[in-house]
Amino acid sequence: MTKYLLTLFFGCVLSLCLFAQQPLTLNSQDTGYRGIWYSNQPSNDEYVYKYSGGLGTYPANHYPFSVYAAGVDKTFFCYGGTDPSGNTLLHMISYFDHQTGMVSKPTIVLDKETDNAHDNPVMNIDGGGFIWIFSTAHGTNSPSYIHKSKKPYDISEFEQVKATKQEEGQTVEMNNFSYLQSWYQPGNGFINLFTHYDRKVIPGQSDKPRRTIGFMTSEDGIAYSEWKDLAIIEEGHYQTSGQSGNTLGTSFNFHPVKEGENGLNYRTNLYYIQTKDFGKSWETADGKKIQIPLKDIQNPAMVKDYFSEGLLVYINDLTFDRNGNPVILYVTSKGYEAGPEKGPRTWHTARFTGSDWEILPVTESDNNYDMGSLYIDENGVWRIVGPTATGPQAFNTGGEMVLWTSKDQGKTWKSKQMTANSQFNHSYARRPVNVHDDFYAFWADGHGREKSISRLYFSDKKGKVYQLPAEMKEDFAKPVKVKKSSKK
């Protein structure tokens, strides 16, 4: 009996050791494309949640979800996927082959062991063609991970990277970051913008976290610099960034201090700063140097004061025009709750002209989290892909996708509806880095008021929409063109 118990004991110890040593990296093929469904803040009304739906390409503060690699003529893309039961967030990566018009079976890189779409992955590709997956956290309650492909332009096998950062002169493990936006500059390396959560900094509310926005740099993607804060105003910020050459710009709002409520529900104002030297210095759009972190509501980075107007600000995208000037796409509303009472949700562009900011309306939609992307091509034509038409779950996140086009820098727009008669709302149309005309926007759908399946889509530059196959028997398959007239 004693021998049996000893054998059982050592067997259990061995099993625990083996379990502890099991790699986080899964590197397994999935059988098709399934997105994560997610909801946030129940509202106890007919709209059910503040926001919800198929959020595999959420949020606007994560970027990029896709990168076109000209050397192999493929658009690689990642997303928040799920298992067939829809119970866990899987970090997925795949690619669209522009030569064959086919997609591969997606690779499951890891199980994030949550159903929170804030933990969705982002990706990048370095100068050697290696693919990087950044698995974000949401706050400090879960870890973050970084993975790198073992071979250039290959999604079959990834290995976990043990990243480090500098902290008070010491090299320490880096295993927690939120809302990551990764940018790669040849010759410099990675400059990643992100959020970290600081406590004991909000007067009278020591347990409430401030969402502090910052950046970090790394030559090799493994050893990172000390974290540097960009802004620390009141309860914090959400930022959305863009890059043109070696100019990296970020736009952000601020969250006012609120007693007994979250300041993020009152996000307001629009700010912009940029760096042209890999984060060594920061400046306003007109080149005036600033000291970071910004601490005051009124500061030189202000693009527009919406706080005094009582309007909230939801930033969607940031890109640059042919002259290298930033253009910001964002939505304003009168409140954080879903429903018509807090409308209109007005889409705007803010373009820096070289001397000041020109702010123009685009259209209106029916939810604060109707997120789209802005494109400016080599001919100076502006395009927006976003869910601005009412969807089947009106006033919930997303709607029907629309392609907007402007040939006069946002003064006038023409629209073309891309989806219609959909079963679920579409939202979070994302622009790939080095975007190719045939894989122009990437998003998911999902029911706006109850948990559902979520499907993945992409469109071309002309507005044709294709669904990624939910089930695949072979290693490669053709996406299915979506007909606007069909009722799913």
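Residues in the sequence shown are numbered from 921 upward in steps of one, following my numbering. For glycine and all other residues, C-beta sits at the position ideal for the given N, C-alpha and C.
Within 8 Å, strictly: CB atoms of TYR1099 and HIS1175: no
What beta strand (DSSP E) runs, 3 residues minimum, are completely inside the segment 944-1009? 957-962, 969-974, 986-989, 994-1002
Pick from GLU966, LEU975, TRP1363, HIS1356: whose alpha carbon is nearest that of SER959? LEU975
Can you tell me the Cα-Cα spacing of GLN1218 and LYS1331, whole angstroms? 28 Å
Neighbour-count burial assignment, PHE1396, 16 or more Cβ in a 10 Å radius: Note on PHE1396: under 16 other CB atoms within 10 angstroms of its CB, so exposed under the neighbour-count rule.
For VAL1301, count neighbouring C-beta atoms within 10 Å of its own C-beta (all shown protein chains included) and say buried if the count is 16 or more, exposed if not. So VAL1301 ends up on the exposed side.
If you run the structure through DSSP and keep just helix, strand and coil, what is GLY1183? Secondary structure at GLY1183: helix, using DSSP grouped into helix, strand and coil.
With ALA1364 as the anchor, note down where its beta strand (DSSP E) starts and where it stops. Residue range 1361-1366 is occupied by the beta strand (DSSP E) that includes ALA1364.
Short of 7 Å in beta carbon distance, which residues of its chain neighbour PRO1072, apart from the five on each side in sequence? Order them along the chain. GLY1048, GLY1049, PHE1050
Is the segment 950-959 touching the segment 1292-1308, taking contact as three or more C-beta pairs under 8 Å? Contact between the segment 950-959 and the segment 1292-1308 is absent: fewer than 3 CB-CB pairs across the two stretches fall below 8 Å.
When the Cα atoms are used, what is the spatial distance from GLN1090 to TRP1324? 50 Å
Check whether the segment 1343-1351 touches the segment 1303-1318, counting contact only when three or more Cβ pairs, one atom from each stretch, lie closer than 8 Å. Result yes; three or more Cβ-Cβ pairs closer than 8 Å.
In whole angstroms, give me the CA-to-CA distance for THR1339 and LYS1401. 11 Å
Relative to the alpha-carbon of VAL1042, which residue among PHE997, LYS1403, ILE1152, GLY1059 has its alpha-carbon at the smallest distance? PHE997
Is it right to say ASN1007 is buried, meaning 16 or more other beta carbons lie within 10 angstroms of its own, or is it exposed? exposed
Per DSSP, which residues does THR1137 bridge with? Please list them. Answer is ILE1111.
In three-state DSSP terms, what is PRO1246? strand
Measuring CB atoms only, is the segment 1274-1292 touching the segment 1245-1256, in the sense that at least three cross pairs come out at less than 8 Å? Contact holds: three or more Cβ-Cβ distances are below 8 Å.
So the beta strand (DSSP E) ARG1369 belongs to, where does it begin and stop? Looking at the DSSP string, ARG1369 is not in any beta strand (DSSP E), and its letter there is neither H nor E.
CA nearest to the CA of GLN1387, picked from THR1283, PHE1359, LYS1393, PRO1399: Here the closest residue by C-alpha is PRO1399.
Going by other Cβ atoms of all chains shown within 10 Å of its Cβ, with 16 needed for buried, is PRO1307 buried or exposed? buried
Determine the DSSP secondary structure at TRP1202, reduced to helix, strand or coil. strand
Can you tell me which of the three DSSP states PRO1129 falls into? When secondary structure is reduced to three states using DSSP, PRO1129 falls in the coil class, being assigned neither helix nor strand.
Can you name the start and end residues of the beta strand (DSSP E) that ALA1309 belongs to? 1302-1309
Output the distance between the C-alpha atoms of ASN1341 and VAL1385, rounded to the nearest integer angstrom. 14 Å
Pull up the CB-CB distance for GLN1080 and HIS1067, whole angstroms please, since I reckon it's below 8 Å. 5 Å
With a cut-off of 8 Å on the beta carbons, I'd call HIS1058 and ASN1036 a contact; round off their distance for me. 5 Å
Given PRO1352 as reference, the closest of HIS1367, TRP1333, PHE1378 once Cα atoms are compared: PHE1378
Using a Cβ-Cβ cutoff of less than 6 Å, which residues in the same chain neighbour PRO943 once the five nearest sequence positions on both sides are dropped? Unreliable positioning characterises PRO943 in this predicted model, as indicated by a pLDDT of 39, which lies under 50. The coordinate reading is nonetheless provided below. Taken in chain order, the list of residues that qualify is empty.
Does TYR953 come within less than 8 Å of chain B when only Cβ atoms are used? No chain B is part of this structure, which consists of one protein chain only.
How many Å lie between LEU1009 and TYR999 at the Cα? 10 Å
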